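Novice:
Numbering (the numbering used here), first residue to last: 1201 to 1368.
So, in C-alpha cells, the structure goes:
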C-alpha cells in the first residue's frame, strides 16, 4: 500500500465459519502479531469493512474489534449498503463509528437484498445517511462501490454521478 503511494488499506475478513470463536482469535492474533506492526512500520492505516456473512458482520463486531484492539492505525471502511443490511439504522451506525470512519463506500441497495446499485436506484434513505455523515464531520471520499458493471461501465458511472448530484 505504501509503495503505491497510499496510506489506507481497505480489508475484509473471511466468511463466518463453523467456529466463530476460533476465527475471532485468528483475526485478533493476525492483527496483533502481523498486520498492525507491519502497518505501523510502513505508516499505513487499516480500514476494515464489515460485511454480511463475514467475521466482521456489522456494527457489533466492528465495535468489538475496535474496543478489543484500540490502535491509531485501525479504523473502518463503512460500506453503507452493508450497514443497511446488517444494522438497525445506518445513521446510528455512522454516529457510533464516527471516530474510526476513514472511508465510505457509497451506493444504494434494494430493501433486504445484497445488490449494489447506483445512488438513487434503491430503497436506502441516502439523504438521511448523507446528513448523518455530515453531522459527524466526515470529510473523506464517497467511493461508489458497484458490482457486475462490465456490460456498461460508462453507463453505470454516469448513473452514479447523476445520483450523487441529485443527492448532494
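Just so you know, even glycine gets a beta-carbon here, dropped at the ideal spot from N, CA and C. The structure presented is a predicted model; accordingly, all values stated were derived computationally and were not measured.
(1) Could you name the residues that DSSP lists as bridge partners for residue 1304?
(2) Is the stretch 1282–1291 close to the stretch 1227–1236, with three or more CB pairs under 8 angstroms?
(3) Near residue 1269, which residues of its chain fall below 8 angstroms by C-beta distance, leaving aside the five closest residues on each side in sequence?
(4) If I follow the unbroken alpha helix (DSSP H) through residue 1332, where does it start and stop?
(5) Can you name the start and end residues of the beta strand (DSSP E) that residue 1366 belongs to?
(6) Which complete alpha helix (DSSP H) runs does the stretch 1245–1295 hold, if anything under 4 residues is left out?
(7) Quick one: is residue 1332 buried, meaning 16 or more other Cβ sit within 10 Å of its Cβ, or exposed?
(8) Mind checking who residue 1210 pairs with in its DSSP beta bridge?
(9) Tell me the DSSP bridge mates of residue 1215?
(10) At what residues does the alpha helix (DSSP H) containing residue 1220 begin and finish?
(11) Exposed or buried, what is residue 1225 when buried is set at 16 or more other beta-carbons lying within 10 Å of its beta-carbon?
(12) Is there contact here, the stretch 1270–1280 with the stretch 1304–1323, by at least three beta-carbon pairs under 8 angstroms?
Specialist: Answer, in terms of the structure:
(1) Position 104 of the chain shown, counted from the start, is the residue given in the question as residue 1304. The beta-bridge partner set that DSSP reports for residue 1304 consists of 1278 and 1342.
(2) Taking one beta carbon from each stretch, the stretch 1282–1291 and the stretch 1227–1236 have fewer than 3 pairs nearer than 8 angstroms; the two do not touch.
(3) Locating residue 1269 in the chain shown gives position 69, where the first residue counts as 1. Shown here for residue 1269: same chain residues with a beta carbon closer than 8 angstroms to its own, the five before and five after excluded, namely 1228, 1231, 1232 and 1236 in chain order.
(4) Translated into the one-based positions of the chain shown, residue 1332 becomes position 132. Per DSSP, residue 1332 belongs to the alpha helix (DSSP H) from 1326–1335.
(5) Counted from its first residue, the chain shown places residue 1366 at position 166. Careful: residue 1366 lies outside any beta strand (DSSP E), inside the alpha helix (DSSP H) at 1353–1367.
(6) Within the stretch 1245–1295, the runs of alpha helix (DSSP H) that reach at least 4 residues and sit entirely inside it are, in chain order, 1259–1268 and 1280–1286.
(7) By one-based count along the chain shown, residue 1332 stands at place 132. Taking all protein chains shown into account, residue 1332 has 16 or more neighbouring C-beta atoms within 10 Å of its C-beta and is therefore buried.
(8) The residue labelled residue 1210 in the question sits at position 10 within the chain shown. Looking at the DSSP assignment, residue 1210 forms a beta bridge with 1247.
(9) Taking the first residue of the chain shown as 1, we reach residue 1215 at position 15. Secondary-structure assignment with DSSP links residue 1215 through a beta bridge to 1254.
(10) Here residue 1220 refers to the residue found at position 20 when the chain shown is read from its first residue. According to the DSSP assignment, residue 1220 belongs to the alpha helix (DSSP H) that extends over 1220–1230.
(11) If you number the chain shown from 1, residue 1225 lands on position 25. Residue 1225 is classed as exposed because its beta carbon has fewer than 16 other beta carbons within 10 Å across all chains shown.
(12) Yes, the stretch 1270–1280 touches the stretch 1304–1323.
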